[in-house]
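Residue numbers (the working numbering), protein chains in the order written: chain E, 9 to 317; chain P, 406 to 740; chain R, 417 to 950. A virtual CB, placed ideally from N, CA and C, is assigned to each residue, including glycine. Small disclaimer: the values here were computed from a predicted structure and weren't measured. Structure first, commentary second.
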Amino acid sequence: MTNTSPAVKADQTKLQAESRNATKAQFLEFWYYFSQNKGAVIGLVIFSLLVLMALFAPLVAPHSPDFQYRDSFLVPPFWEEGGKAAFLLGTDAVGRDILSRLIFGARFSLFIGVVVVTIALVGGVVIGLVAGYMRGMTDTLIMRVMDIILAFPSLLLALVLVAILGPGLINAMIAIAIVLQPHFVRLTRAAVLSERTRDYVVAAKVAGAGHMRLMFKTILPNCLAPLIVQATLSFSNAILDAAALGFLGMGAQPPTPEWGTMLAEAREFILRAWWVVTFPGIAILVTVLAINLVGDGLRDALDPKLKRS
Amino acid sequence: MFRFLLGRLGLLIPTFFGVTLVAFSFIRMLPGDPAELLAGERGISDERRAQVLSQLGFDKPLWHQYLDYIAGIFQGDLGTSFVSKKPVLDEFLTLFPATAELALCAIIIAVCLGIPAGIFAAVKRGSIADQAIMGTALVGYSMPIFWWGLLLIILFSGTLGWTPVSGRISLMFFFPQVTGFMLIDSLLSGEKGAFLSAVRHLILPSIVLATIPMAVIARQTRSAMLEVLGEDYVRTARAKGLPPRAVVGLHALRNALIPVVTTIGLQVGVLLAGAILTETIFSWPGIGKWLVDSISRRDYFVVQGGLLLIAGIIMMVNLIVDVLYGLINPRIRHN
Amino acid sequence: MNFQKTLKASLLGVSLAVIAATGASAKNLVYCSEGSPEGFDAALYTAGTTFDASSKPIYNRLVEFKRGTTEVLPGLAESWEVSEDGLEYTFKLRQGVKFHTTSFFTPTREFNADDVLFTFERQLKKDHPWHEYTAGTAWEYFEGMSMPDLIKEIVKVDDYTVKFVLNRPEAPMIANLAMDFASIVSAEYAAQLEAAGTKDQLNQQPVGTGPFTFVGYQKDAVIRYAANADYWGGKQPVDNLIFAITPDAAVRLQKLKAGECHIMPYPAPADITDIQSDDTLTLMEQQGLNVGYLAYNTKQAPFDKPEVRKALNHAINKQAILDAVFQGSGQAAKNPIPPTMWSYNDAVEDDDYNPELAKEMLEAAGVKDLSMKIWAMPVQRPYNPNARRMAEVIQADYANIGVNVEIVSYEWGEYLSRSKDENRDGAVLLGWTGDNGDPDNFLAVLLGCDGVGGSNRAQWCNEEFDALIMKAKTVTSKEERTKLYEEAQVVFKEQAPWATIAHSVVFMPMSSKVTGYIMDPLGGHWFDGVDIAE
């Protein structure tokens, strides 16, 4: 999986073909190990379904997520006494169809995961590369800042950040990304430290590659495996934390059908209308579980040390 | 060893000052202020508001406020709560035992169930039991615990009526706080039924708080055990004909537990974050709920002091784990 | 230090146990209160929870509200006179009133004018030795009611006559003096504390003239009072009054059902039906002295046109709000003052729910494709249990008539200050709870021209309306004031600066054995005259 040597420039086409083949072989190997893990495949299937559901929410959902049926406040699910077939999972306190809100809610949760992981990953990788590559004062400074962030419980820090930025979905995502980022920094830095003295890096340096090229083109691709595993982990953490913030009233604001926010709104009905409390939680659990299953599979397939255990 | 310890402590100092700076600047960035909040719909005159802010010392230049704050820390003075007018440290010390009691019970549950489950799964690798345990652990690991708490309340407090909805003990009981741990105090008080009442209040919150650490510990124990079981000395022990129980108990377990101890230490941060949600759901009068309430009340010095104290605890625990790990595993020390 | 605290706490525990043991014949009334008092000198605070535990059981005022009404009766003042120009109020004080004798204070003289002067001058005069006697507190209500600007001086005419001189006429003055901040404290006790150098004790160990004597307070747990045997209004039917502090509504109800307390405030709305079906409990209810409203910004186009505001009012389905948000514990509002208040104009007709009409009215006003913001408070208030949900219902109602709504919210302190801005974008959900039962306290504060840029969130200044309420301030005849306020409500309804939404209903569950409890329209909790049937 190492990079093809950049030294020979003569036969570029051949080289490219070779590297394409190598990538393909790598992927096949990865897929082989990944598909060995049944849980991971199930997780991937559920996750894909969730993505499809989110993409085609307007087609799948039986009702508009915001429409209030004024004659149907707190209708129980269809199998309960008093339930209506029109509202499969019942309605909430202002008569909105819970199933439709859950389907549209998938959009928000997946969106949160993607955005948070992208911000945390890109930010964390760049900072980590710089720290590991530059060493010295820069490194020390960066790592102390990361220590400071990690010294606070993540949810508490996110809570304070959202209080400063103002409650809302976007601000919640920013806060969570900041809180998750140090993990990427540490991981990248550690990988860079172990890679930078390797032969291929030294060779590239000797060949006159610049700092940017060394950091991003030479070293980074070789640190990808742990980063991918961490990214899946962060994806599920982001969804959980955003839901927790929503639950504390600091995340997405009503009437956004975000799952955590729906739970917060449902809290007062806990002993009276179990369905408004139960279903959003199941949605969160299933989504996070699917992503974690995929994450376990990725780790097994990518981490050579654990591969055959 | 001494040098190692010194080095670790040396790292803590800049982090500590960084934490003070973060706590300090955060509360100055929070929009809104407590004077406005207390006045409510009635409103407050600009003059009175300025007076309140100056009582809080907010009219001084920033660097001056910061120096005052640092000087205060070294004298054990973290300021005074705007709402209760009590010193922040006093409030923290009265509420901390509630969180500590909850967290301790949770970690005991997590360890007592997580480690045996992990060992069992590793020993029976690939069996139905292994898959069931690891499946359950992954569900626990993926659990939104605020919802889990609500679900348990619906079932045990609502439908079955077995446990109370919130609080630490039935308010029928009035007795002095000696240790701050309700389980111990209720026994000391000698009041009939007090201990039982405290247990019934504690059970659901600790289960909720234990869920994620338990899952993490079980998974970690399993993979550590698997790794160790594959090592040469275990194979040798097996080859020597030692009974499997002795192999697992004597050789494998001891070595496998090293990384697990680290994991347990790292769960302290998770527990404190979890306590914020758990305490909110169960109206548990601990520091998690205290901080959440104080953020929404803009009780500046409580937020500032509370952030610092919690960060301090996490840093101390991390240091202890580091040192313990260094003691057990000499390789780390020179790294 | 901790040991001392513990010792104190355990001593209190022992004394409680002794009282409980010897008090087989003693009648204890236990009230499961919702929170801890901030202190016992009521004038320093604004929270009802604090007043319930301090000013109401322990103290008296010059004038008192008649239980269950906002009508004013003589209290420590037997009678009063108002001068022709409305600037001088002369009070004749009651003679033979004794302050409490407690373990920490024994009075040597009876209540007189010195106590009245001390009570008010410490709040009025910045150089008074008691003006800043506890750190970090202020005379919040006294200042909030603009008393420092209003009162010119307070004169002791003789030992039993006191004269208040005002800078301008203020008709609600008498009602103001029945409020909690005007509770009369003992000047003699204060002098004793000052001599001992323990001024703070005035806020910790209170001495008053009221129906109950303070016995002890164990923080966040229990407050004890004993009936004042020498009370000028006669000894109470119960011997001891106990506040068991229980913040959780569900727990309060459990304790009430278990017989651990006799009365509880603020049940959870979801528990109301359960309480009603319980034979051992009585559920009293009363309309709260409050109003929840949606204030348009009348300085912002197109909301500067009354027709537009009126049209939007017709689009709101109040019944849906009462069902979804109040869940039965509310009542639709048509006037800016609650129905329990005198001068409430029942002849005013509400804007009915009529989306068709609303659409037509908007078209007639030339408004198309209207987009607006609705501000929703982040907190629960007595007049609005869930502002966000209310905003969502209104959002859906407005969508029905083609008006697009964006819901915005800020942190509560921010919300209050930002919503005052005259250039505020959008209509704001807010409300008000009455202080003294005077309509002026609603109409002038919330809708007067002086309040624009401040407590008048509609930024509404209407000459006709303002003239009416300003006149009502200076007239002392209640009949005349009633007429003026009734007329003002008609103007309000025509101009529609607000959509009036609801008044909440307050519930008070208690054991069926409790007799003589009367609900206070001002939201306080009084225990004088309450008895327990055996």
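- Per DSSP, the continuous alpha helix (DSSP H) segment holding LYS726/R begins and ends at 722-731.
- Annotation: ILE157/E to PHE431/P spans about 13 angstroms, alpha carbon to alpha carbon.
- Relative to SER825/R, the option among PRO263/E, ALA309/E, GLU276/E whose CA is nearest is PRO263/E.
- Classified as buried, PHE456/R has 16 or more neighbouring CB atoms from the shown chains inside 10 Å of its CB.
- Residue state for HIS219/E is assigned as helix, using DSSP reduced to three classes.
- Closest by C-alpha distance to MET886/R, out of GLN875/R, SER871/R, GLY675/R, VAL861/R, is VAL861/R.
- At a cut-off of 8 angstroms between beta carbons, ASP837/R makes no contact with chain P.
- Excluding its 5 nearest sequence neighbours in each direction, PHE277/E has C-beta neighbours in its own chain below 6 angstroms: VAL284, listed in chain order.
- Neighbourhood of GLU266/E in chain R, by CB distance below 8 angstroms: empty, with the nearest CB roughly 13 angstroms away.
- As DSSP reads the structure, LEU445/R sits in a beta bridge with LEU657/R.
- Look at ALA661/P: its C-beta is not under 8 angstroms from any C-beta on chain E.
- Put simply, the backbone Cα of ILE810/R is about 23 angstroms away from that of GLN703/R.
- Counting the other CB atoms within 10 Å of its CB gives TYR638/P a total below 16, which places it among the exposed residues.
- In this structure, the beta-carbon distance from GLU504/R to VAL581/R falls below 8 angstroms.
- As the crow flies, the alpha-carbon of MET270/E is around 15 angstroms from that of PHE75/E.
- In the displayed model, LYS836/R falls within coil according to three-state DSSP, outside both helix and strand.
- Here HIS71/E carries a coil assignment [DSSP, helix/strand/coil].
- Between THR420/P and ARG152/E, the CB-CB gap stays under 8 angstroms.
- Partner residues in the beta bridge of GLU480/R, as assigned by DSSP, are LEU489/R.
- Here HIS919/R carries a strand assignment [DSSP, helix/strand/coil].
- Residues of the stretch 913-934 of chain R with a C-beta less than 8 angstroms from any C-beta of chain P: none at all.
- For THR240/E, the CB contacts under 7 angstroms within the same chain, skipping 5 residues up- and downstream, are ILE299, VAL302, GLY303, LEU306 in chain order.
- In the structure shown, MET924/R falls within a strand segment according to DSSP collapsed to helix, strand and coil.
- Contact between the stretch 244-252 of chain E and the stretch 37-50 of chain E is absent, with fewer than three C-beta pairs closer than 8 angstroms.
- Any Cβ of chain E closer than 8 angstroms to the Cβ of ASP841/R would place that residue at the interface, and such an atom is absent.
- Judged by beta-carbon spacing, ILE658/R lies within the 8 angstroms limit of TYR447/R, meaning their Cβ atoms are closer than that value.
- A distance below 6 angstroms between beta-carbons, with the five flanking residues on each side excluded, links ASN820/R to the following residues of its chain, in chain order: SER787.
- In this structure, the CA atom of LYS508/R is about 56 angstroms from the CA atom of LEU712/P.
- Taken through DSSP and simplified to helix, strand or coil, ASN820/R comes out as strand.
- Considered as a whole, the stretch 548-604 of chain P harbours 550-557, 587-594 as its complete alpha helix (DSSP H) runs of no fewer than 4 residues, in chain order.
- The contact set of MET720/P on chain E, defined by CB atoms closer than 7 angstroms, consists of ALA159 in chain order.
- Here the alpha carbons of ARG873/R and LEU863/R stand approximately 8 angstroms from one another.
- Contact of PRO618/P with chain E by beta-carbon distance below 8 angstroms is absent, the smallest such distance being about 13 angstroms.
- Residue-level contact check: LEU129/E does not touch chain P, since none of the beta carbons of chain P fall below 8 angstroms from its beta carbon.
- Not a single CB atom of chain E sits nearer than 8 angstroms to the CB of ILE732/R.
- Under a criterion of Cβ atoms nearer than 7 angstroms, no residue of chain E is adjacent to ILE810/R; the nearest Cβ is some 11 angstroms distant.
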